[in-house]
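Heads up: the sequence shown at position 510 corresponds to 510 in the working numbering, and the numbers run straight through without jumps. Since the structure comes first, as structure tokens, the remarks are kept for the end.
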Amino acid sequence: MAQSSDPPPSLARDTALVGAAAALSRVLGFARDVMIAALIGAGPAADALLAALRIPNLVRRVVGEGAVNGAFVPVYRRMAAESGDAAARRFAGEALAAVGLAGLALTALGEIAAPWLTLALAGGFAHDGERLALAASLTRLSLPLAVFATMAALCAAMLAGQGRLRWAALAPVVVNAVLVAVLAFLAGVGEDEARLAWIVAVAVSGAGLLQLLLVGAALLRRSERPSLTWPRLSPGLRAFGGLALPGLATAASAQLSILAALNLASAEPSALAQLHYADRLFQLPLGFVAAGAGVVLLNEVVRLLRAGHTGQVAPLLDKALLAALLLALPAAAGLAVLADPIASILFERGAFSPNDTAAVAAVIRGLAPGLPAAALARVLAQPFMAQERSRPPLLGAVAGFVVTVSAGLVLRDGHGVAGLGAAVSLGAWADAGVLALALGAAGLWRPAPRLLVRLALAALSAALMALAVREAQGVLAAALATEARLPVRVAALGALCGGGAAAYAAALLACGAGRWRGPAAT
């Protein structure tokens with residue numbers, strides 16, 4: 001009798017824990033950005049703050065979505081199996097010390113080179129001395145977050161390598177909740193926008209330190225805690241470094257594309273902030289997929305490969321892809337259809353103007369088609385990370401970056417900041433396409449016919465949902481208008497989202513797209 005390819009029950013439980021925590025953290029993080037938009041708007045201070053936060057936020061997002069985990073877990077488990085727990089703990093201690101020392105050195109260099117870093121991220125600031133000076137100062141205040149986030153991610157990877165995911169998943173939730181509380185306090189302070197930007201930059205670094213303390217304390221309570229020692233160039237540390245460095249670049253592909261688009265946008269006043277706020281909406285559903293793929297799916301693929309069950313990797317990937325796209329397809333359709341009311345209701349208050357709302361909505365519509373591709377790329381990279389092969393994901397990242405920059409240069413002139421959103425979408429599809437081709441060439445995965453059938457049905461269900469939501473949006477136009485009271489507008493948007501979700505679920509059930517086992521083509 002053929003072996004079942006179903007993952008063990010713990011996979012579903014761990015996926016739910018990591019995914020739910022990631023989703024809650026993303027929601028709180030998004031609430032944080034909504035509050036920043038109300039406090040600072042999309043003017044010069046917002047441009048400067050958001051440019052300054054890009055490097056530390058890039059590091060935090062990349063390491064938090066599996067790049068460090070993807071490098072550490074395979075090496076740690078291999079060492080535990082081949083050399084014993086003591087050797088694995090010694091390797092963990094060396095990795096922690098090496099990452100900490102490297103992070104401190106890079107942060108110190110970044111503090112010195114803050115003006116040049118700012119110009120690298122936002123070249124348009126070169127002709128605006130005020131924005132450049134403010135952004136450089138804010139960069140210095142926020143850079144410590146990068147080393148705190150990296151250390152926290154490595155501690156979380158050590159907990160994941162021991163099968164302990166709770167604190168690793170929950171710490172970012174606590175940190176974002178604290179930041180939201182700080183911003184709520186600042187809303188009543190009444191400082192000018194530049195002063196508020198300074199306070200936010202300091203608070204962000206403090207939140208990173210809090211996350212490190214929470215995860216580090218959870219790790220030190222474990223009997224399998226790392227044996228801290230001065231790092232040496234051991235085989236384990238070389239393997240970790242060889243996988244981590246390209247892995248970080250790979251995991252950063254979507255963010256690097258956004259960085260390129262932001263650089264192109266920085267020449268126009270407010271465009272950088274507008275693109276940032278739209279990207280936050282794009283990242284909200286993607287965070288659920290990325291965190292689950294980078295932590296839970298990776299661990300399961302490593303387990304199958306170590307056990308010699310290579311043939312079970314493809315069915316597992318099929319199921320993971322179906323789950324990811326069942327979320328990403330309706331999210332993309334919903335963002336495209338509801339871009340205007342979402343941007344208006346979430347952002348348009350305080351220092352955020354109606355013109356900013358229209359620009360953010362246009363960018364959201366440009367980014368939405370890339371959401372399914374970004375979800376695909378997160379899942380398809382995991383088999384290579386499990387095998388400690390970083391070249392194919394890195395090639396995908398490079399392809400995505402090149403396409404984003406090339407398309408952005410073409411689309412920016414005719415479509416403004418909205419064209420840059422579309423360029424990011426094209427880059428995401430290039431990344432996913434390269435990964436799919438590489439998996440097929442390696443003999444690790446080809447999509448099962450029933451997967452393609454279900455994905456086509458899911459796409460049809462999402463399209464039907466979008467049509468239904470668009471019709472309902474016309475009916476609720478008065479309730480969504482800016483003249484209506486905020487509770488009424490929120491209720492109308494909630495009804496559209498809830499009704500759309502119900503319509504999508506009904507369409508899925510009717511066609512059987514959400515069931516892996518069933519009568520559909522196999």
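For glycine and all other residues, C-beta sits at the position ideal for the given N, C-alpha and C. Source: prediction; values computed, not measured.
message = For a test of the three-state rule: what should DSSP assign to Q387, helix, strand or coil?
response = Q387: coil per DSSP, three-state reduction.
key: Spatial neighbours of L329 in its chain, beta-carbon cut-off 7 Å, leaving aside the 5 residues before and after   = Taken in chain order, the residues that qualify are P372, A458, A459 and A462.
task = Tell me whether the beta-carbon of G421 lies closer than 8 Å to the beta-carbon of G366.
result = Contact flag set, yes.
query = Short check: CB of G93 to CB of T150, under 8 Å?
reply = Between G93 and T150, the C-beta spacing is not below 8 Å.
inquiry  = Would you call the stretch 33 to 52 in contact with the stretch 263 to 278, where contact means no fewer than 3 C-beta pairs closer than 8 Å?
reply    = Flag = yes, the stretch 33 to 52 and the stretch 263 to 278 touch.
Distance, F148 Cα to Q211 Cα = Just so you know, the alpha carbons of Q211 and F148 end up roughly 8 Å apart.
message = Beta-carbon within less than 6 Å of A86's beta-carbon, same chain only, minus the 5 sequence neighbours each way: which residues are those?
response = Excluding residues within five positions, none has a Cβ falling inside 6 Å.
ask   = Taking C-alpha atoms, which residue in A133, A436, F384 and R306 lies nearest to W116?
value = Of the candidates A133, A436, F384 and R306, the one whose C-alpha sits nearest the C-alpha of W116 is A133.
ask   = In the structure shown, what three-state DSSP assignment does L304 receive?
value = In this structure, L304 counts as helix in the three-state DSSP scheme.
task = Please report how far the alpha carbon of S266 lies from the alpha carbon of A146, in whole angstroms.
result = The alpha-carbon atoms of S266 and A146 are separated by roughly 23 Å.
request  = Have a look at A157 and R378 and give me their C-alpha separation to the nearest angstrom.
outcome  = Distance between the alpha carbons of A157 and R378 is about 17 Å.
query = Helix, strand or coil: which one does DSSP assign to F240?
reply = Reduced to three states, the DSSP call for F240 is helix.
query = Does at least one heavy atom of the ligand COA sit under 7 Å from the Cβ of H276?
reply = Annotation note on the ligand COA: not contained in the displayed structure, which lists no ligands.
ask   = Among R32, T118 and L39, which one has its Cα closest to the Cα of I55?
value = When each option's Cα is compared against that of I55, the closest is T118.
task = Between the Cα of P74 and those of G242, V189, S137 and A168, spot the shortest distance and give me the residue it belongs to.
result = Comparing Cα positions, the closest option is G242.
key: Three-state secondary structure assigned by DSSP to H415   = Helix.
Closest residue to V402 among A418, P285, L426 and R412 (Cα-Cα distance) = Among A418, P285, L426 and R412, the Cα nearest to that of V402 belongs to L426.
key: Inter-residue Cα distance where the pair is A481 and E471   = Each residue's CA atom was taken as its position, placing A481 and E471 some 16 Å apart.
request  = Alpha carbon to alpha carbon, how far is L209 from L219? Give it in angstroms, no decimals.
outcome  = Distance between the alpha carbons of L219 and L209 is about 15 Å.
key: First and last residue of the uninterrupted alpha helix (DSSP H) at V215   = Unbroken alpha helix (DSSP H) run through V215: E193 to L220.
query = Do you know offhand how far L101's Cα is from W230's?
reply = L101 and W230 have their C-alpha atoms spaced approximately 10 Å apart.
inquiry  = List, from N- to C-terminal side, the alpha helix (DSSP H) runs of 4 residues or more that fit wholly inside the stretch 132 to 188.
reply    = Segments of the alpha helix (DSSP H) lying fully in the stretch 132 to 188: 144 to 161 and 166 to 186.
inquiry  = Assuming the contact rule is C-beta atoms closer than 8 Å, A503 and A468 should be a hit. Round their C-beta distance to whole Å, please.
reply    = So it is a contact: roughly 5 Å between Cβ atoms.
task = Kindly confirm or deny that the stretch 25 to 38 and the stretch 173 to 181 touch, where touching means at least three C-beta pairs closer than 8 Å.
result = Because the criterion of three Cβ pairs below 8 Å is met, the stretch 25 to 38 and the stretch 173 to 181 touch.
query = For the candidate residues A201, L96, A169 and A399, whose alpha-carbon lies nearest to that of L143?
reply = Across the set A201, L96, A169 and A399, the C-alpha of A201 shows the shortest separation from the C-alpha of L143.
query = In angstroms, rounded to a whole number, what distance separates the CA positions of I199 and L39?
reply = Spanning the two alpha carbons is a distance of roughly 12 Å.
First through last residue of the alpha helix (DSSP H) which encompasses T118 = Its alpha helix (DSSP H) spans residues A114 to L121.
key: Check whether G287 and A108 have beta carbons under 8 Å apart   = No, the pair does not count as a contact, with Cβ atoms beyond the cut-off.
query = Contact between the stretch 488 to 505 and the stretch 307 to 325: three or more CB pairs below 8 Å?
reply = They do not touch, by the three-pair rule.
task = Out of G400, G419, L58 and A37, point me to the one whose CA is closest to Q283's CA.
result = Residue L58 is the option with its Cα nearest to Q283.
ask   = Taking C-beta to C-beta, are V204 and A168 nearer than 8 Å?
value = No.
message = Helix, strand or coil for A351? Go by DSSP, reduced to three states.
response = In the structure shown, A351 sits in coil (DSSP, three-state: anything other than H, G, I, E or B).
task = Inspect the beta-carbon positions of A466 and A418 and report whether they are closer than 8 Å.
result = No, they are not a contact pair.
task = Would you mind reading off the limits of the alpha helix (DSSP H) that contains A501?
result = Here the alpha helix (DSSP H) through A501 covers L486 to C511.
query = Which residues mark the beginning and the end of the alpha helix (DSSP H) in which G124 is found?
reply = Here G124 belongs to no alpha helix (DSSP H), and DSSP marks it neither H nor E.
inquiry  = Please return the same chain residues whose Cβ sits closer than 6 Å to the Cβ of A244, not counting the five positions on each side in sequence.
reply    = So the qualifying residues of the chain are A71.
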